[in-house]
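Asker: This is the structure, below, for whatever I ask next.
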Amino acid sequence: MVKHTAGVSRTGVVMVVGATLSLPLGAAVATELFPIGGAWGVATLRLILASVLLLFLARPTPWRWNRATWRDVLIFGVSLAGLNGFFYAAIDRIPLGVAVAIEFVGPLALAVILSTARRDLIWIAIAGLGLVVLGIESMSGDFAFDLLGVVYAALAGASWALYILFSARVGRYLPGLQVLPVATLIAAAVLLPVGFGGVGKLVDTPEIYWLAIAMALFSTVVPTSCELAALRRLPRNTFSILLSLEPVFAALIGWVVLDQTFGILRSVAILLIIGATVGMTASAAKLSSEVVDQHEARKRATEKPETR
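Taking the working numbering, the leading residue of the sequence shown gets 25, the next gets one more, and so forth.
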């Protein structure tokens, strides 16, 4: 039994690694389409392709949802639009690894806000130090980061935090993939006004269809499938910690595929942000374990001894 559990865990780890490697690879493919459709057009097309695929796979039943469910799904869809649109707008202006690192601050800040432990503030401080190091690198003159690109990455992080909040909320009463197809379709509709022209140019360029399909596969199909499979095999805290590999893979893919070189300062900044994410996740897992232990202890203390 122990051997089987260990094997399952290794499979889960491989699944998360596959997801964290696939996402930045999909983003790298997307940048190849930016000269034709622009960042907003490419983001819109990705969401359209993803929504069609997910509608086919999940076959949701939105006509059964009540008004409160629709409200939460709408907000969830808007957050998904911001997460995709702002992120693609960011990587159009700043290196992929930097954009992913800044984006990770959003979920980290959310975790700190929701935490009741003051010591968790140290993790957001470490992440902030990482951002300061990025700023120092930018001001050094060797690598000038586009300020609007940094803002877009930060907005993508804020959208990610909102995405986490409402994915958990709707997940309580919409099991499986029920919500994702509709939310993705809503996200595509939100971005369509700014991405319509770009989508038209992409659709009018048949020779890039294979890139668009590769983008959809690497950005949506592979990571979603891997993450769902991993969540069935790994504890959530282990899963969250492994997600911190994404900035590392993003920096490496940006270097290998997009020729985005990075020096010591950027490496230190990315490592600081990854360290903050791992630390916050481990701290939250420890706190959760302590709460469970205290609850079990109180339960045992209040149980009446069995009488003979």
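Ideal placement from N, C-alpha and C gives every residue a C-beta, glycine not left out.
1. So the alpha helix (DSSP H) PHE100 belongs to, where does it begin and stop?
2. Taking all protein chains shown into account, decide if LEU296 is buried (16 or more other Cβ within 10 angstroms of its Cβ) or exposed.
3. So, LEU134 versus ILE148, is the Cβ gap smaller than 8 Å?
4. Quick one: is PRO230 buried, meaning 16 or more other Cβ sit within 10 Å of its Cβ, or exposed?
5. Just curious, the alpha helix (DSSP H) that TYR233 is in, first and last residue?
6. On the three-pair Cβ rule with 8 Å, is the stretch 42-59 touching the stretch 198-215?
7. DSSP three-state label for GLU270, please.
8. Return the chain-ordered list of same chain residues with a C-beta closer than 6 Å to the C-beta of LEU201, the five sequence neighbours on each side being excluded.
9. Which residues in the same chain as VAL281 place their Cβ atom closer than 7 Å to its Cβ, once the five residues preceding and following it in sequence are excluded?
10. Below 6 Å CB to CB, which residues in the same chain sit around GLY173 once its five sequence neighbours on both sides are set aside?
11. Counting Cβ pairs closer than 8 Å, one from the stretch 92-105 and one from the stretch 232-246, do we hit at least three?
12. Helix or strand or just coil, what does DSSP make of GLU56?
13. How is ILE148 classed by DSSP in three states: helix, strand or coil?
14. Report all residues from its chain with a CB closer than 6 Å to the CB of ALA63; omit the five preceding and five following residues, and keep chain order.
15. Helix, strand or coil for PRO205? Go by DSSP, reduced to three states.
16. For ILE188 and GLY224, what's the separation of their Cα atoms in angstroms?
17. Using DSSP with H/G/I as helix, E/B as strand and the rest coil, what is VAL124?
18. Please go through the same chain and pick out, in chain order, the residues whose beta-carbon is closer than 8 Å to the beta-carbon of PRO271, but skip the five residues on each side of it.
19. For PHE110, which residues from the same chain have a beta carbon less than 8 Å from its beta carbon, with the 5 sequence-adjacent residues on both sides left out?
20. Report the three-state DSSP secondary structure of LEU198 (helix, strand or coil).
Answerer: With the given structure in hand:
1. Translated into positions along the sequence shown, residue 100 becomes position 76. Unbroken alpha helix (DSSP H) run through PHE100: 91-115.
2. The residue given as residue 296 occupies position 272 in the sequence shown. So LEU296 counts as buried.
3. As a position in the sequence shown, residue 134 is number 110, starting the count at 1. As a position in the sequence shown, residue 148 is number 124, starting the count at 1. Not a contact, by the Cβ cut-off of 8 Å.
4. Here residue 230 refers to the residue found at position 206 when the sequence shown is read from its first residue. That one is exposed.
5. For this step, residue 233 is matched to residue 209 along the sequence shown. 233-240 is the span of the alpha helix (DSSP H), which, as asked, contains TYR233.
6. no
7. For the purposes of this step, residue 270 is taken as the residue at position 246 of the sequence shown. Helix.
8. Residue mapping note: residue 201 aligns to position 177 of the sequence shown, counting from 1. Apart from the 5 residues on each side of it in sequence, LEU201 sits with its Cβ closer than 6 Å to the Cβ of ALA82 in its chain, given in chain order.
9. Residue numbering aside, residue 281 sits at position 257 when the sequence shown is read from its first letter. Here the set comprises ALA52.
10. Position 149 of the sequence shown, counting from 1, holds the residue named residue 173. So the qualifying residues of the chain are ALA114, ARG117, ILE118.
11. no
12. The residue you call residue 56 lines up with position 32 of the sequence shown. Assignment of GLU56 by DSSP, reduced to helix, strand and coil, places it in the coil class.
13. Taking the first residue of the sequence shown as 1, we reach residue 148 at position 124. ILE148: helix per DSSP, three-state reduction.
14. Taking the sequence shown and counting its residues from 1, one reaches residue 63 at position 39. These residues qualify, in order along the chain: TYR112, ALA113, ASP116.
15. Translated into the one-based positions of the sequence shown, residue 205 becomes position 181. When DSSP states are grouped into helix, strand and coil, PRO205 belongs to the helix group.
16. Taking the sequence shown and counting its residues from 1, one reaches residue 188 at position 164. Taking the sequence shown and counting its residues from 1, one reaches residue 224 at position 200. In a straight line, the C-alpha of ILE188 is about 31 Å away from that of GLY224.
17. Locating residue 124 in the sequence shown gives position 100, where the first residue counts as 1. Helix at VAL124.
18. Taking the sequence shown and counting its residues from 1, the one referred to as residue 271 is at position 247. GLY121, VAL124, ALA125, PHE128, ILE294, ILE297, ILE298, listed in sequence order.
19. Here the question's residue 110 lines up with position 86 in the sequence shown. Excluding residues within five positions, the ones whose Cβ falls inside 8 Å are TYR176, ALA177, LEU179, ALA180, SER183.
20. Here residue 198 refers to the residue found at position 174 when the sequence shown is read from its first residue. Note: LEU198 maps to coil in three-state DSSP.
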